[in-house]
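One structure is given below, encoded as structure tokens.
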Amino acid sequence: MSTGSEVQKGVKDGTYFIQNGAMLMEELIAFCNGKSNPIRHFSEKQLKMATNNYCESQCFLHSHTNFKPISDFSEKVLTMLDLEENPGEQKWDDGYYKLYKGYLEDRPISVKKYHNLGGLMLKRRASTDNGIMTLMFKDIAIGSQMSSHKNVLKLLGCCLETKDPILVYEFVGTRILSSCLFDPNGAHYQPLPWKCRLKIAMELANAIAYLHTAFLKPVFHGDIHSSNIILDQDNAPKLIDFALSKTVREDESEAENLGPKILLTLELSRFGNLLLQLLSGKKHLSMVGDTLLRLSELNGMVDPKLVEEGIEQQQLLEFARLACRCLLSIADEGLTMIEVGRELRRIYRSSFPCQKSPLAQIM
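Read in full-length UniProt numbering, the sequence shown has 331 at position 331, and its numbers run on one by one without any break.
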């Protein structure tokens, strides 16, 4: 761990900028042969001023992991999820980054600052400082390439002058999906109607499918949960944080390289958990591990706010069954995020029985 004098020395002589620039270039070459979307460089001074020296009152997202495995998961799935001890227990709740609202050049921005890097080390079992740094630069490399997708928070640039890089994004609001689902007493709580939840699920599925298919090798997000999703003023979801993303790379050992099938299974499982959260309005939900879920089993699963809307039960059932398929995708080898997105789109269209859905009107 660097001392205060070492940090000051690194800032003054530009060591961090040179080292970080080299590591970022290595990650860009590994991920996209160095052909990346252009991003800006911001100085440390600019970002301190923009966030009032990272004032806690301007912090609107403190990352943490919401994922908790469903009790019906097989031992094999739990092992793959690295939850061999106390599988029902949340880990890494302290998170590893904070997102601040700031103002720069008379416009709002979002500034991502890493902290508690021990938590990041645990989540990816990175055993060295270089291993942690690689995760941060992976966040920049993949984030810059994904910024063109409408459901990904656009990365504007980064600061490489500090020991740990600082990322700068567009500002779309401070509402986090988890707050809209689980925190009725929170300042940003806003109940989400059924069609809105369906649209959020559909658009996120499309973004993740794009991540899986748009590059030379599939990229798996690795940390899909409701606290990694920001909602804009129109409730459009914006996916953030690619630090824990995983891809199959030739330079990795067999132990590190899980393989695309296992990585897809983990991705689908996490997305299935997110679907259940959208359906139930609960962080954690015990359920039957059966894709042949019946109407009678929906009662204890559906968010009471959705029941009050009088939603057609068949839509809820199909949504719940799809969540089950994702959660149990280890037994459904043909399932992909493209298929999940297609099914969500069908369910979304069915929620407009008497008129053309917004999707149909723009086609």
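For glycine and all other residues, C-beta sits at the position ideal for the given N, C-alpha and C.
In the three-state scheme derived from DSSP, where H, G and I count as helix and E and B as strand, S179 is classed as helix. Per DSSP, L263 has no beta-bridge partner at all. In this structure, the straight-line span from the alpha carbon of E203 to that of L135 is close to 26 Å. If you ignore the 5 residues before and after Y189, its C-beta comes within less than 7 Å of the C-beta of S179, C180, D183, all in its own chain and listed in chain order. In the assembly as shown, P237 is a buried residue. Its beta-carbon has 16 or more other beta-carbons within 10 Å. Within the DSSP bridge table, the entry for F220 names K246 as partners. Here K48 carries a helix assignment [DSSP, helix/strand/coil].
Residue pairing by DSSP puts E170 in a beta bridge opposite I109. Pairing S329 with M301 gives a Cβ-Cβ distance that is not under 7 Å. Spanning the alpha carbons of I166 and E309 requires a straight line of approximately 43 Å. In the three-state DSSP reduction, K238 falls in the strand class (E or B). Here L156 carries a strand assignment [DSSP, helix/strand/coil].
The alpha-carbon separation between H62 and K113 amounts to approximately 10 Å. Per DSSP, the unbroken beta strand (DSSP E) holding F60 starts and ends at 59-62. In this structure the stretch 208-218 does not touch the stretch 307-325; the number of beta carbon pairs closer than 8 Å is below three. When rounded, the separation of the alpha-carbon atoms in Y348 and W194 is 9 Å.
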